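Only one structure is covered here, and it is reproduced in the block below.
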Amino acid sequence: MFHLVMKTASVRQLRTEFPKVRDIIEREGEVVVTERGQAAYVIRPYRVVRKRKPAKKDYLARLLDNMPKPISAEASRAIDEMNRGER
């Protein structure tokens, strides 16, 4: 069974011995910063997140896709006849 032991550094060590703390961060991946003996912060190396370019939006095509489709003349006549009833 493996136990994950996180490296810790106090706020004072960050101020006075930052190069040593930076080496720990580079080696271990992250450091828990303690303040008055209590864990307060986590410092990790910054990783650049590459954003994908948004796809070009064709608003007219999307609008036309969402519009109702026209009905045929025959269907329109059938609806008109049904609405007239027996006059």
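With this note's numbering, you'll find the sequence shown wraps up at 307, consecutive numbering, no jumps. We treat Cβ as the ideally placed atom computed from N, Cα and C, and that holds for glycine. Keep in mind it's a predicted model, so treat the numbers as computed, not measured.
Asked                                                                        : Found
Selected residue, minimal CA-CA separation from E250, among G257, Y261, A281 : Y261
Three-way DSSP call (helix, strand, coil) for S230 in this model             : strand
Simplified DSSP state of Y266, which is helix, strand or coil                : coil
Alpha carbon of P265 to alpha carbon of V252, nearest angstrom               : 12 Å
E255 - DSSP class collapsed to helix/strand/coil                             : strand
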